[in-house]
Amino acid sequence: YLFLVLLDTTTVLGELDWKTYPVNGWDAITEMDEQNRPIHTFQVCHVMEPNQNNWLRSGWIQRQAAQRVYVELRFTLRDCNSIPWVSGTCKETFNLFYLQRDEPLPAGTRFRPSDYAKVDTIAADESFTQTDLGDRVLRLNTEVREVGPVTQNGFYLAFQDVGACIALVSVKVFYKRCPSTLRNLAAFPDTVPLMDSSSLVEVRGACVENAEERDTPKLYCGADGDWLVPLGRCVCSIGHEEMDGYCQACTPGFFKAYAGSGKCSKCPLFSSSHDQAATICHCDKGFYRALQDSSTMACTRPPSAPRNLISLINDTALFLQWMPPSDTGGRKDITYNILCQRCDGSVTQCEPCESDLRIIPRPLGLTGTSAAILGFAVHANYTFHVEAVNGVSGMAMAARALVNVTVNTHQAGPTLVGVVRKDWASQSSIAISWSQVQQPPSDIMEYEVKYYEKEQEQLSYSSTRTKTPSVVITGLRPSTVYVFHVRAQTSDGYTAYSPNFEFATSAEDPDIADQGQVLVVVTASVGGFSLLIILTLFLLITGRCQGYIKARMKSEEKRRARFHSGHVPFSGIKTYVDPDTYEDPTQAVEEFAKEIEPSYICIDRVIGAGEFGEVCRGRLRVPGRMDIAVAIKTLKGGYLEQQRQDFLREASIMGQFDNPNIIRLEGVVTKSKLLKTKAYLFTLFSFLCSSLKCVPSSSGRPVMIVVEYMENGALDSFLRTRDGQFTVLQLVGMMRGIAVGMTYLSDMGFIHRDLAARNVLVDENLVCKVSDFSMSRIREDDSEAAYSAMGGKIPIRWTAPEAIAYGKFSSASDVWSYGIVMWEVMSYGERPYWEMSNQDVVLSIEEGYRLPAPMGCPVTLHQLMLHCWQKESSQRPHFNNVLSFLDKLIVNPSKLLTLVNDVYPDSPEAMPDYPLFISIGDWLDSIKMNQYKNNFLAAGYTTLDSISTMSIDDIRRIGICLIGHQRRIISSIQSLRLQLHHIQQSGFQV
């Protein structure tokens with residue numbers, strides 16, 4: 001297709017009708033070829049005669065689109081030397097001429113050789129001889145010559161013989177072109193090159209069907225008929241893909257949403273197409289695409305409801321926490337909306353929350369899984385609905401994905417503070433005072449003033465306390481507006497805060513402000529001195545009265561006097577009363593525990609066994625109240641009186657506590673007034689005990705302790721069965737609940753002595769409550785459970801060093817135990833110190849070893865644990881400090897993102913003092929994993945520096961398969977890594 005033939009003498013069936021000059025010069029001879037087709041040849045051989053000039057002229061040849069024409073000549077030529085008696089005029093060449101004409105020459109036109117232009121002299125590469133004629137072997141020559149440029153409509157060819165013996169076998173006239181082609185999905189037509197062989201013809205292509213231009217497609221046609229320099233391209237339109245140089249429609253089940261070179265794609269999940277050339281796959285029923293979603297995205301659906309919504313409330317704020325939905329609908333753009341309702345009386349009588357209730361950071365469009373609620377009313381029931389939404393939630397008609405929690409804002413009561421007034425202000429101080437709005441139900445012990453800059457977020461505030469209804473706030477910024485809230489503290493607890501009052505510091509004369517402050521100081525001094533005198537007189541009078549009373553009161557009156565003087569001291573804060581101080585322990589039970597009528601108790605089933613007997617689940621049915629689920633501790637039959645006293649001792653302790661994070665005592669059963677007829681009593685109680693597989697006491701009088709029922713049981717086992725199912729923020733919420741309970745106990749002066757995850761119970765809302773207040777008895781056959789010191793059993797793994805060594809229990813030793821509980825929570829109930837023996841634990845702690853951070857533990861939480869494990873008890877934080885720290889983490893959860901295994905602290909002072917081991921063997925010995933020594937050495941880990949870079953995958957690769965052992969080793973490596981970094985930071989070499 002590179003050539004277009006204008007003339008080919010071998011294909012002409014009739015006569016050629018070419019002209020000869022003179023007439024007897026060239027002879028036309030027609031022969032038959034091997035396929036029995038006629039071949040027209042012209043021959044001339046006048047070599048014996050001198051001065052030959054024989055011309056042969058073709059017919060008029062139309063040039064069509066040709067600009068340069070090529071002539072292919074096939075001929076034979078005889079060697080002059082092979083011709084006998086030839087004259088010296090014999091030639092072995094002939095000449096080619098041409099003449100351009102727009103139209104054929106008229107008939108009869110005289111032939112004029114001068115009109116013709118010479119193309120070339122044609123010579124034979126091979127000639128034949130006389131011998132060849134005998135053998136009938138002719139040597140055929142082929143020569144091609146370029147004619148032109150041709151500018152007129154047609155031309156003639158002429159052949160001049162000047163004395164040769166030649167036979168012209170065939171003449172083919174043709175011109176070159178660039179044939180039509182497809183390139184880059186564009187069609188290019190036939191194109192004839194330019195006359196100038198050095199120039200290229202630029203040709204623009206047309207996109208094939210169902211294609212569109214991306215860049216203008218171009219090709220350049222060269223003089224030899226070759227396409228050169230392809231530029232630009234076309235691409236298949238939407239719904240079509242390239243196949244064999246064309247754009248084919250996508251088949252059903254496939255689609256193509258964008259024009260381009262890509263192939264048709266299979267429909268994404270939950271979508272389909274049923275027609276050819278589909279540009280989009282339509283979503284299946286129940287699935288959707290958001291407006292901003294690309295058509296290549298899988299169809300999605302709204303999420304399910306959030307999970308495990310819990311509430312945490314303190315004196316100033318209510319915190320909501322939840323887990324993401326189990327089904328996100330296939331999307332990542334999950335946000336949460338918080339809807340609030342205030343319910344009075346019953347849940348069915350609800351209305352939207354008041355306008356001044358604030359949700360931080362915002363009520364709608366939350367990306368996190370926690371929020372703080374401010375400005376709520378006291379003694380009100382709120383229902384908070386947390387809704388999970390994603391990009392297609394608005395397109396679905398399904399029910400909203402809600403989870404809700406109902407919260408009762410337990411506080412001491414309405415605010416007792418009236419209007420707050422500004423007495424004076426300076427550049428850095430403001431003096432305020434206030435009055436009571438009503439007579440308080442009990443004496444006000446002190447006031448708390450909370451203040452913060454108006455421009456700052458309310459969650460960041462300062463506070464101060466005062467015993468008088470006035471205070472001077474110092475250290476303020478000049479010309480700044482501050483917001484003040486005031487609340488009172490009574491023996492029942494704190495009241496609600498007063499409304500907001502805004503006062504600004506000013507630029508008054510400092511001398512005037514100083515005079516005001518001096519006046520306040522003098523007034524306070526005089527008042528304090530007067531109060532001191534009154535107290536002295538009161539104590540003297542009270543001492544004499546006490547001596548007289550002690551001489552006259554009976555033992556019951558002595559007990560009540562001792563209780564009231566200890567239970568509500570002058571400060572007004574409740575303090576713990578040790579039941580052992582009572583002459584008759586039964587009196588302590590009667591004082592602090594409410595007696596329950598046995599007929600109110602309905603026992604459902606046995607759920608466990610305690611030291612004194614079975615633990616049952618049941619219901620407390622008090623007339624006029626709703627049934628509540630309870631746990632019932634029973635005293636096994638045949639008990640001794642001492643066992644009964646020990647059993648009820650815990651009830652006399654629990655009865656003194658009233659805190660949402662302390663297990664609540666409902667009451668005790670000790671007197672058994674179940675019946676009028678003794679036989680009926682014994683029969684009924686025997687039936688209850690037989691269903692519980694217990695034995696009635698020998699006295700026929702059951703003894704029970706009834707407490708609130710905690711659905712999820714002990715914290716350690718609860719976490720072990722739900723490993724990895726909670727967010728870090730939810731785990732912090734559990735720790736906070738424990739800290740709230742321990743702060744309350746510490747403020748009352750109660751020392752727990754056995755704080756551990758096994759002694760913390762979890763209810764259905766994941767609220768953790770401290771329990772077991774009688775220093776849990778450890779079974780004598782459990783040699784690893786406790787270490788005997790000072791005549792009692794001590795839980796070694798949870799106990800502070802000073803308590804183990806000297807029996808010194810204090811609130812600080814409870815803080816040490818709290819740090820161990822934190823470690824248990826973050827490790828999902830792992831055993832502290834793993835399989836180390838008690839003796840090894842004691843020695844390791846004495847040498848400075850501390851538990852490493854569990855996997856996935858934030859740095860801030862491990863630092864708090866290490867702070868709780870300070871060797872000097874005075875350096876440990878108080879529980880209220882721990883609670884404040886956890887509250888700040890909950891409000892700002894971004895501080896929980898940095899994990900221990902992701903960071904090297906910049907401050908060496910923050911590093912724990914871990915023992916540095918000399919060899920791999922020593923290190924493995926210290927964590928009781930020496931059985932894996934050969935695994936490490938065989939894998940090439942021979943130095944501490946080499947193992948410090950190991951990951952959990954490396955641990956598995958060297959053949960350690962047990963998950964518990966993997967965790968212990970990787971936790972120890974993290975600790976070792978921190979210590980090595982500490983040493984290197986200090987300039988030492990490992």
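Under full-length UniProt numbering, the residue at position 153 of the sequence shown is numbered 153, and the numbers go up by one with no gaps.
Just so it is clear, CB atoms sit at the ideal spot from N, CA and C, and this is done for glycine as well.
- Task: Just the C-alpha distance for GLN67 and ASP226, rounded to the nearest angstrom, thanks.
- Result: In the sequence shown, residue 67 corresponds to position 67, counting from 1. In the sequence shown, residue 226 corresponds to position 226, counting from 1. If I take the Cα positions, the gap works out to 16 Å.
- Since THR464 sits in a beta bridge, which residues does DSSP pair it with? Stepping through the sequence shown from its first residue, residue 464 is reached at position 464. Note: THR464 sits in a beta bridge opposite VAL449.
- Query: When you compare only the Cα positions, how much space is there between ALA372 and THR383?
  - Reply: Counted from its first residue, the sequence shown places residue 372 at position 372. Counted from its first residue, the sequence shown places residue 383 at position 383. Their backbone Cα atoms lie some 14 Å apart in a straight line.
- Message: So, for ILE751: in the same chain, excluding its five sequence neighbours on each side, which residues have a beta-carbon less than 7 Å away from its beta-carbon?
- Response: Reading the sequence shown from its first residue, position 751 is the one you call residue 751. Take ILE751, set aside five residues on each side of it, and the residues of its chain with a beta-carbon closer than 7 Å to its own are PHE809, SER810, SER811, ASP814, in chain order.
- Could you give the uninterrupted runs of the beta strand (DSSP E) lying entirely in the segment 236–315, keeping only those of 3 residues or more? Restricted to the segment 236–315, the beta strand (DSSP E) segments that are unbroken, complete and at least 3 residues in length are 240–243, 246–249, 307–313, listed in chain order.
- Query: Should PHE174 and LEU56 be called a contact, given that it needs their Cβ atoms to be closer than 8 Å?
  - Reply: Translated into the one-based positions of the sequence shown, residue 174 becomes position 174. Translated into the one-based positions of the sequence shown, residue 56 becomes position 56. Between PHE174 and LEU56, the C-beta gap is not smaller than 8 Å, which leaves the two residues out of contact.
- Message: Please tell me whether ASN502 and THR480 are closer than 8 Å, where the distance is taken between their beta carbons.
- Response: Within the sequence shown, numbered from 1, the residue matching residue 502 stands at position 502. Within the sequence shown, numbered from 1, the residue matching residue 480 stands at position 480. It should be pointed out that residue 502 corresponds to Glu in this sequence rather than to Asn. No. Outside cutoff.
- Nonlocal neighbours in the same chain, by C-beta distance under 8 Å from ASP79, ignoring five residues either side: For the purposes of this step, residue 79 is taken as residue 79 along the sequence shown, with counting starting at 1. GLU92, SER127, PHE128, THR129.
- Helix, strand or coil at residue 1058 according to DSSP, with G and I counted as helix: Since the first and last residues shown for the chain are 1 and 990, residue 1058 lies out of range.
- Message: Please classify THR474 as buried or exposed, where buried requires at least 16 neighbouring CB atoms within 10 angstroms.
- Response: Stepping through the sequence shown from its first residue, residue 474 is reached at position 474. By the C-beta density criterion, THR474 is exposed, having fewer than 16 other C-beta atoms within 10 angstroms.
- Check whether THR41 and LEU168 have beta carbons under 8 Å apart: Counting from 1 along the sequence shown, the entry for residue 41 is found at position 41. Counting from 1 along the sequence shown, the entry for residue 168 is found at position 168. LEU168 is positioned such that its CB atom lies closer than 8 Å to that of THR41.
- Item | MET790 classed as buried or exposed, judged by whether at least 16 other C-beta atoms fall within 10 angstroms | Locating residue 790 in the sequence shown gives position 790, counting from the first residue. Summary for MET790: the model assigns pLDDT 38, below 50, so the residue's position carries little reliability, and this model does not support an answer.
- Item | Sequence-distant residues of the same chain with beta carbon closer than 7 Å to SER462, five excluded per side | Residue mapping note: residue 462 aligns to position 462 of the sequence shown, counting from 1. Excluding residues within five positions, the ones whose Cβ falls inside 7 Å are TYR451, TYR452.
- Message: Report the CB separation of ILE890 from PHE319 in whole angstroms; it is logged as a contact under 8 Å.
- Response: Reading the sequence shown from its first residue, position 890 is the one you call residue 890. Reading the sequence shown from its first residue, position 319 is the one you call residue 319. About 6 Å separates the beta carbons of ILE890 and PHE319, which is inside the 8 Å limit, making them a contact pair.
- Secondary structure of ASN881, DSSP reduced to three states: Walking along the sequence shown from the start, residue 881 turns up at place 881. Correct three-state label for ASN881: helix.
- Message: Restricting to Cα atoms, I'd like to know which of ALA124, LEU99, ALA431 is closest to SER114.
- Response: One-based indexing of the sequence shown puts residue 114 at position 114. Per the Cα distances, LEU99.
- Message: For a quick check, are the C-beta atoms of GLY163 and GLN52 less than 8 Å apart?
- Response: Looking up residue 163 in the sequence shown gives position 163. Looking up residue 52 in the sequence shown gives position 52. The criterion of a C-beta distance shorter than 8 Å is satisfied by GLY163 and GLN52.
- Taking the C-alpha atoms as reference points, what is the distance between TYR806 and GLU354? As a working mapping, residue 806 is identified with position 806 in the sequence shown. As a working mapping, residue 354 is identified with position 354 in the sequence shown. Distance from the CA of TYR806 to the CA of GLU354, rounded to the nearest whole angstrom, comes to 56 Å.
- Message: Using a 10 Å radius around the Cβ and a threshold of 16 neighbouring Cβ atoms, would you call ALA938 buried or exposed?
- Response: Translated into positions along the sequence shown, residue 938 becomes position 938. Burial call: exposed.
- Query: Whole-angstrom Cβ separation of PHE592 and PHE647, contact assumed at under 8 Å?
  - Reply: Within the sequence shown, the letter at position 592 stands for residue 592. Within the sequence shown, the letter at position 647 stands for residue 647. Going by Cβ atoms, the distance from PHE592 to PHE647 rounds to 15 Å, so no, they are not a contact pair.
- Go ahead and pull the three-state DSSP assignment for ARG956. Here residue 956 is taken as the residue at index 956 of the sequence shown, counted from 1. DSSP places ARG956 in helix when its eight states are reduced to three.
- Message: For a test of the three-state rule: what should DSSP assign to ALA504, helix, strand or coil?
- Response: As a working mapping, residue 504 is identified with position 504 in the sequence shown. Strand at ALA504.
- Query: How is GLU650 classed by DSSP in three states: helix, strand or coil?
  - Reply: If you number the sequence shown from 1, residue 650 lands on position 650. Shown here, GLU650 sits in a helix according to DSSP, grouped into three states.
- Residue nearest to ARG876 in terms of C-alpha spacing, selected from ALA800, PRO858, PRO832: In the sequence shown, residue 876 corresponds to position 876, counting from 1. Of the candidates ALA800, PRO858, PRO832, ALA800 places its Cα closest to the Cα of ARG876.
- Item | Selected residue, minimal CA-CA separation from GLN321, among TYR744, ILE359, PHE287, CYS299 | Locating residue 321 in the sequence shown gives position 321, where the first residue counts as 1. Out of TYR744, ILE359, PHE287, CYS299, ILE359 has the C-alpha closest to the C-alpha of GLN321.
- How big is the Cα-Cα spacing for ILE662 and GLU650? As a first step, residue 662 must be located in the sequence shown, where it is residue number 662. As a first step, residue 650 must be located in the sequence shown, where it is residue number 650. Whole-angstrom Cα-Cα distance: 13 Å.
- Looking only at its own chain, which residues have a Cβ that is under 6 Å from the Cβ of GLN489, when we skip the five neighbours before and after it? Here residue 489 corresponds to residue number 489 of the sequence shown, with the count starting at 1. Non-local C-beta neighbours of GLN489 in its own chain, meaning closer than 6 Å and more than five positions away in sequence, comprise MET445, GLU446, ordered along the chain.
- Message: For the beta strand (DSSP E) containing ASN935, name the first residue and the last one.
- Response: Along the sequence shown, read from residue 1 onward, the residue named residue 935 stands at position 935. No beta strand (DSSP E) contains ASN935, which is instead part of the alpha helix (DSSP H) from 933–938.
- Task: Compute the Euclidean distance between the alpha carbons of ASP953 and SER393, then round it to the nearest angstrom.
- Result: Within the sequence shown, residue 953 is the residue found at index 953, counting from 1. Within the sequence shown, residue 393 is the residue found at index 393, counting from 1. Straight-line Cα distance between these residues: approximately 40 Å.
- Which runs of the alpha helix (DSSP H), 4 residues or longer, sit entirely within the segment 130–200? When DSSP assignments are scanned along the segment 130–200, the uninterrupted stretches of alpha helix (DSSP H) that are 4 or more residues long and fall wholly within it turn out to be 130–135.
- Query: Going by DSSP, what residues sit across from CYS207 in a beta bridge?
  - Reply: Residue numbering aside, residue 207 sits at position 207 when the sequence shown is read from its first letter. Residue pairing by DSSP places CYS207 opposite ALA186 in a beta bridge.
- Message: To the nearest angstrom, how far is the alpha carbon of LEU620 from that of LEU635?
- Response: To locate residue 620, count along the sequence shown from 1; it is residue 620. To locate residue 635, count along the sequence shown from 1; it is residue 635. Each residue's Cα considered, the two are about 18 Å apart.
- Message: Can you tell me which residues form a DSSP beta bridge with ILE359?
- Response: As a first step, residue 359 must be located in the sequence shown, where it is residue number 359. According to DSSP, which records beta bridges pairwise, ILE359 is partnered with ILE373.
- How is SER837 classed by DSSP in three states: helix, strand or coil? Translated into positions along the sequence shown, residue 837 becomes position 837. In this structure, SER837 counts as coil in the three-state DSSP scheme.
- Task: Starting from GLN341, follow the alpha helix (DSSP H) in both directions and report where the run begins and ends.
- Result: Against the sequence shown, residue 341 aligns to sequence position 341. From DSSP, GLN341 is part of no alpha helix (DSSP H) but of the beta strand (DSSP E) over 335–343.
- Item | C-alpha distance - VAL124 paired with ALA249, whole-angstrom precision | Your numbering for residue 124 matches position 124 in the sequence shown. Your numbering for residue 249 matches position 249 in the sequence shown. Before going further, note that residue 124 is Ala rather than Val in the sequence given. ALA124 and ALA249 have their C-alpha atoms roughly 59 Å apart.
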